[in-house]
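Numbering (numbering that gives the first Met the number 0), first residue to last: 0 to 370.
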Amino acid sequence: MKRFQINDAEIGRFICENIKEENKYVVTEGAVLTNHLKNLLIKFNVSEITLGEFAFREKYNERGTENANKLKELLVKVIELEKSFEKLKIVNEKSKQLKVKVKKEKDQTYQYIINYVSKLVDELMYYKTLTVDTATLRKLEDYTFSHSVNVCILSLRIGYALNYDKDKLVKLGVGALLHDIGKNWIPKEIHYKAGKFSKEEYEIMKKHSEIGYKLMKENTSVPITTAHVAYQHHERIDGSGYPRRLCGNEILEFGQIVAVCDVYDAILAKRPYKRSYLPHEAMNIIVEDKGILFNDKVVDRFCLNIFPYEKGAIVELNTGEVACVIENKIEFPDRPLVKKITTSYGLFVDDGDEVDLLSNSNYKIVDLIRS
Ligand SMILES: [Fe+2]
Numbered sequence: 000m001k002r003f004q005i006n007d008a009e010i011g012r013f014i015c016e017n018i019k020e021e022n023k024y025v026v027t028e029g030a031v032l033t034n035h036l037k038n039l040l041i042k043f044n045v046s047e048i049t050l051g052e053f054a055f056r057e058k059y060n061e062r063g064t065e066n067a068n069k070l071k072e073l074l075v076k077v078i079e080l081e082k083s084f085e086k087l088k089i090v091n092e093k094s095k096q097l098k099v100k101v102k103k104e105k106d107q108t109y110q111y112i113i114n115y116v117s118k119l120v121d122e123l124m125y126y127k128t129l130t131v132d133t134a135t136l137r138k139l140e141d142y143t144f145s146h147s148v149n150v151c152i153l154s155l156r157i158g159y160a161l162n163y164d165k166d167k168l169v170k171l172g173v174g175a176l177l178h179d180i181g182k183n184w185i186p187k188e189i190h191y192k193a194g195k196f197s198k199e200e201y202e203i204m205k206k207h208s209e210i211g212y213k214l215m216k217e218n219t220s221v222p223i224t225t226a227h228v229a230y231q232h233h234e235r236i237d238g239s240g241y242p243r244r245l246c247g248n249e250i251l252e253f254g255q256i257v258a259v260c261d262v263y264d265a266i267l268a269k270r271p272y273k274r275s276y277l278p279h280e281a282m283n284i285i286v287e288d289k290g291i292l293f294n295d296k297v298v299d300r301f302c303l304n305i306f307p308y309e310k311g312a313i314v315e316l317n318t319g320e321v322a323c324v325i326e327n328k329i330e331f332p333d334r335p336l337v338k339k340i341t342t343s344y345g346l347f348v349d350d351g352d353e354v355d356l357l358s359n360s361n362y363k364i365v366d367l368i369r370s
């Protein structure tokens with residue numbers, strides 16, 4: 000149990016006390032905290048609340064956890080080695096032997112990354128799905144790592160839907176995983192800046208795509224199409240992107256896929272300078288830019304293969320009730336079939352009603368409590 004300031008109280012945890020206002024219970028012990036209840040408490044000037052564990056346990060997935068940890072380990076290693084190699088480049092001849100040693104280790108680590116992504120592709124082809132445990136990803140803390148892994152998984156799912164063969168999927172997946180590697184060469188005070196960038200800072204930040212490309216290109220085990228993902232993931236088909244303002248098919252399909260997945264995941268993330276969007280809102284933003292910023296075919300594949308609310312996701316409805324997603328509808332990603340699991344006061348119900356959000360326009364999803 001933990002005492003929370005009301006503004007920091009985490010949605011989805013059990014409530015461990017009864018709180019009354021005007022002789023009526025606002026919340027009761029054993030209920031689950033929702034946005035609806037939190038707003039009620041704020042309205043009644045309640046400043047603190049005691050909460051317990053999260054009511055909805057993260058889906059445990061051994062494969063997913065191993066994948067997330069392994070990918071992080073490999074990414075950290077390749078960044079470390081690239082940095083040491085760079086330092087060795089500028090020191091004297093005496094370091095020649097060491098340079099050869101570090102280069103060899105760097106090559107091997109890129110090869111491990113390629114092999115690991117190849118393992119992920121096997122999983123995707125065998126299980127027809129690919130998951131990385133979201134709880135583990137969240138624990139990676141550094142946004143760039145979790146973002147890179149998410150973009151890799153999303154891109155592989157799109158590539159698979161486009162009938163890519165294994166070789167092509169691996170090339171795409173490695174590029175997607177390393178697309179932002181150049182950010183590690185951007186000064187920390189800019190890379191990790193909590194607020195919005197100034198114009199000058201943004202110009203520096205934009206250099207990460209070319210830096211990433213050059214790092215990968217120097218390595219013989221990295222295919223050139225993979226290196227181009229880093230170079231092109233901020234290009235847009237109308238020519239409004241960077242660094243080279245490429246247009247339409249001047250941007251390779253890999254770059255066009257990673258561009259969509261990169262933006263989708265970035266919109267979902269809660270950052271200090273912006274609210275986090277709901278998955279269906281993020282998808283709508285992508286669709287609005289279909290044919291303008293993003294390739295039509297890629298956006299169509301994205302919409303058909305990435306469900307904003309996967310089966311089993313726990314959502315809060317506008318009524319304050321919590322529900323579980325039981326069926327998706329490809330054409331209407333924000334309106335799945337759900338089954339209610341709590342009342343609007345956060346109390347669990349046995350065998351709650353099923354609601355088809357498509358035929359019940361009074362209902363809508365207002366929060367994703369657990370994906
Ligand atoms: Fe980027």
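Just so you know, even glycine gets a beta-carbon here, dropped at the ideal spot from N, CA and C.
None of these values were measured; they are calculated from a predicted model.
Secondary structure of residue i, DSSP reduced to three states
i: R334; result: coil
i: R31; result: Note that residue 31 corresponds to Val in the displayed sequence, not to Arg. V31: strand per DSSP, three-state reduction.
i: K1; result: strand
i: L129; result: coil
i: V116; result: helix
i: F253; result: helix
i: F306; result: coil
i: F347; result: strand
i: V221; result: coil
i: D179; result: coil
i: C260; result: helix
i: T318; result: coil
i: A265; result: helix
i: K195; result: coil
i: A8; result: coil
i: D237; result: coil
i: F43; result: coil
i: H279; result: helix
i: H232; result: coil
i: Y111; result: helix
i: R56; result: coil
i: K328; result: coil
i: D164; result: coil
i: S94; result: helix
i: N38; result: helix
Residues bridged to residue i (per DSSP)
i: F293; result: K289
i: C323; result: I313, K338
i: D355; result: L336
Residue range of the unbroken beta strand (DSSP E) whose run includes residue i
i: K19; result: 18 to 20
i: Y24; result: 23 to 26
i: E52; result: 47 to 53
i: F13; result: 12 to 14
i: E366; result: The sequence as given places Asp at residue 366; Glu does not occur at that position. Segment 364 to 369, the beta strand (DSSP E) holding D366.
Residue i, buried or exposed, once every other Cβ within 10 Å from all chains shown has been counted against 16
i: K71; result: buried
i: K195; result: exposed
i: V116; result: buried
i: S147; result: buried
i: K42; result: exposed
i: E81; result: buried
i: T33; result: buried
i: K170; result: buried
i: N294; result: buried
i: R156; result: buried
i: L303; result: exposed
i: N383; result: Outside the displayed range of the chain (0 to 370) lies residue 383, so it cannot be described from this structure.
i: I291; result: exposed
i: S360; result: exposed
i: V362; result: It should be noted that the sequence gives Tyr, not Val, for residue 362. It counts as buried.
i: N66; result: buried
Unbroken alpha helix (DSSP H) run spanning residue i, endpoints
i: R62; result: 61 to 89
i: C151; result: 142 to 160
i: E200; result: 198 to 204
i: G247; result: Run containing G247: none; DSSP gives neither H nor E here.
i: K213; result: 207 to 216
i: I189; result: 187 to 190
On the three-pair Cβ rule with 8 Å, is the segment 169 to 181 touching the segment 235 to 244? no
Looking at C-beta atoms only, is the number of pairs between the segment 309 to 319 and the segment 280 to 294 that lie closer than 8 Å three or more? Not touching, per the Cβ criterion.
Do the segment 188 to 202 and the segment 245 to 258 touch if we need at least three Cβ pairs shorter than 8 Å? Touching, no, given that fewer than three Cβ pairs across the two stretches are closer than 8 Å.
Within the chosen definition, does the segment 99 to 106 reach the segment 214 to 231 through at least 3 CB pairs nearer than 8 Å? By the Cβ criterion, the segment 99 to 106 is in contact with the segment 214 to 231, since at least three pairs of Cβ atoms, one from each stretch, lie closer than 8 Å.
Looking at C-beta atoms only, is the number of pairs between the segment 224 to 233 and the segment 254 to 262 that lie closer than 8 Å three or more? yes
Tell me, please, whether the segment 338 to 356 touches the segment 24 to 40 by the rule of three or more beta-carbon pairs shorter than 8 Å. yes
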